[in-house]
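For the sequence shown, the working numbering assigns the number 510 to the initial residue and increments by one for each residue that follows.
Just so you know, even glycine gets a beta-carbon here, dropped at the ideal spot from N, CA and C.
So the structure is just underneath, and the comments pick up after that.
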Amino acid sequence: MTGWSGTETPPNEHRGQPGVLVQWLLLALVSAPITAIFYILHLPAALLFGPMLVAIVAGLNHASIRVARIPFAGAQGIIGCLVAQSISPAIYKVILADWPTIAVAVLATLAASSFLGWFISYLKVLPGSTAVWGSAPGGATAMVVMASAFGADARLVAFMQYLRVIFVTAAAVVISGLVIGTESSASAAETWFPPIIWPSFGLMIAAVALGGITGFVLRLPSPFFLGSIILGLCLHLGAGVDLQIPLWLRSAAYVVIGWKIGLSFTRAALRQALHAMPQIIASILALMLFCGGMAWFVSRNLGVDLLTAYLATSPGGLDSVAIIALASDRVDLSFILALQTARLLAVLILGPPLAKLIVRQVKE
């Protein structure tokens with residue numbers, strides 16, 4: 510991590526600021542308890558949202574520190590491997606069995622989110638690519654990482670994505686509570702420092718490093734993220750390898766990405782985000798209502814219960830939806846993960862051309 514590169518604010522504009530080492534130490538010391546509180550309260554994406562919130566405060570107060578390229582690239586690669594590892598081969602059996610209905614649900618949701626992104630950009634609330642990536646359903650962290658590779662403002666995309674995660678998670682918890690009642694089965698707490706399984710851990714590190722190189726060779730946007738996904742999928746689905754990504758390493762990746770986004774926030778960017786908040790909230794509610802309609806469509810066509818269909822079509826993060834689904838044995842977890850995974854893959858594949866198309870349409 511570094512204090513200043515030629516593209517950032519010159520150090521002479523930060524006279525009176527604490528030194529670089531002191532700023533990093535303060536950032537870490539404040540981030541730790543805030544993140545711990547969020548994590549204990551089970552807030553969505555706590556391990557990323559906590560550091561990002563603290564870094565935003567630091568950025569708004571003219572902190573001169575910035576996350577360097579190497580740790581940020583490594584964090585993207587780790588998240589890419591996490592996405593690859595989350596895709597189970599068994600999920601594809603579910604997708605193949607019910608692919609027409611799943612395809613309609615995925616493509617319709619993607620079309621609806623793209624329309625909302627276009628509408629927000631058409632109203633000049635946010636720039637085109639920022640509005641599209643901010644509205645895209647799927648893994649919030651993945652969308653933020655992808656957005657910066659396509660000229661979008663990652664700060665505003667993160668603001669939109671995590672605000673929607675909060676809305677969707679709260680709604681899913683309430684609806685699940687009404688359907689499930691007090692019945693719940695807490696999932697086993699994950700070990701922060703498990704024994705390292707060196708073949709699986711080593712292959713994960715190799716996927717991060719070689720995936721980034723592959724991404725550069727193929728000239729992929731966000732090469733470390735997409736490159737690690739490609740290589741991770743080859744290892745996980747192709748060779749049957751379980752990539753070990755310990756919780757402590759995942760947490761470090763989330764912290765780095767949160768700091769990267771937060772430290773780049775300026776007061777002008779925050780004013781723009783707050784100015785756009787009414788329209789952003791309206792678009793979130795509209796997408797949630799649309800996905801509720803898709804849940805009814807899926808339930809009617811496939812005969813799955815409405816709660817399973819709602820969680821499967823919910824436009825929140827795959828991880829938060831999975832945690833909610835685990836609270837009851839009355840939902841079909843395989844189906845939920847299958848539809849959520851299919852939509853995430855569709856967004857990763859179709860998101861870039863859709864963003865370019867919408868930006869071109871808005872300019873015309």
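Spatial distance of residue i from residue j (CA atoms)
| i | j | result |
| --- | --- | --- |
| leucine 746 | isoleucine 739 | 10 Å |
| leucine 625 | leucine 848 | 21 Å |
| leucine 535 | alanine 661 | 29 Å |
| proline 560 | tyrosine 671 | 13 Å |
| threonine 567 | alanine 762 | It is alanine, not threonine, that sits at residue 567 in the sequence shown. Their backbone Cα atoms lie some 19 Å apart in a straight line. |
| phenylalanine 668 | alanine 864 | 18 Å |
| phenylalanine 558 | leucine 866 | 31 Å |
| valine 529 | leucine 562 | 19 Å |
| valine 592 | alanine 658 | 18 Å |
| threonine 775 | isoleucine 766 | 17 Å |
| alanine 818 | leucine 550 | 27 Å |
| valine 856 | glycine 825 | 13 Å |
| valine 830 | leucine 820 | 6 Å |
| isoleucine 579 | alanine 564 | 19 Å |
| phenylalanine 882 | phenylalanine 733 | Lying before the first or after the last residue shown, residue 882 is absent from the chain, which here runs from 510 to 873. |
| glutamine 594 | isoleucine 789 | 32 Å |
| arginine 728 | leucine 616 | 27 Å |
| alanine 791 | isoleucine 543 | 29 Å |
Three-state class that DSSP yields for residue i in the structure shown
| i | result |
| --- | --- |
| phenylalanine 702 | coil |
| valine 726 | helix |
| histidine 551 | coil |
| arginine 780 | helix |
| arginine 869 | helix |
| valine 634 | coil |
| proline 862 | helix |
| proline 542 | helix |
| proline 646 | coil |
| valine 683 | helix |
| glycine 795 | For the record, residue 795 in the displayed sequence is alanine; it is not glycine. Helix, per DSSP. |
| glycine 825 | coil |
| phenylalanine 676 | helix |
Presumed contact (8 Å Cβ cut-off) between residue i and residue j, rounded CB distance
| i | j | result |
| --- | --- | --- |
| methionine 655 | serine 731 | 5 Å |
| leucine 772 | valine 576 | 7 Å |
| alanine 716 | glycine 741 | 5 Å |
| isoleucine 574 | tryptophan 627 | Actually they are not in contact, since the Cβ atoms of isoleucine 574 and tryptophan 627 sit about 37 Å apart, beyond 8 Å. |
Extent of the continuous alpha helix (DSSP H) run through residue i
| i | result |
| --- | --- |
| valine 654 | 649-658 |
| glycine 736 | 732-742 |
| serine 760 | 756-772 |
| leucine 752 | Element bounds for leucine 752: n/a, residue is neither H nor E. |
| alanine 599 | 598-606 |
| leucine 874 | Because the chain here runs from 510 to 873, residue 874 falls outside it and cannot be looked at. |
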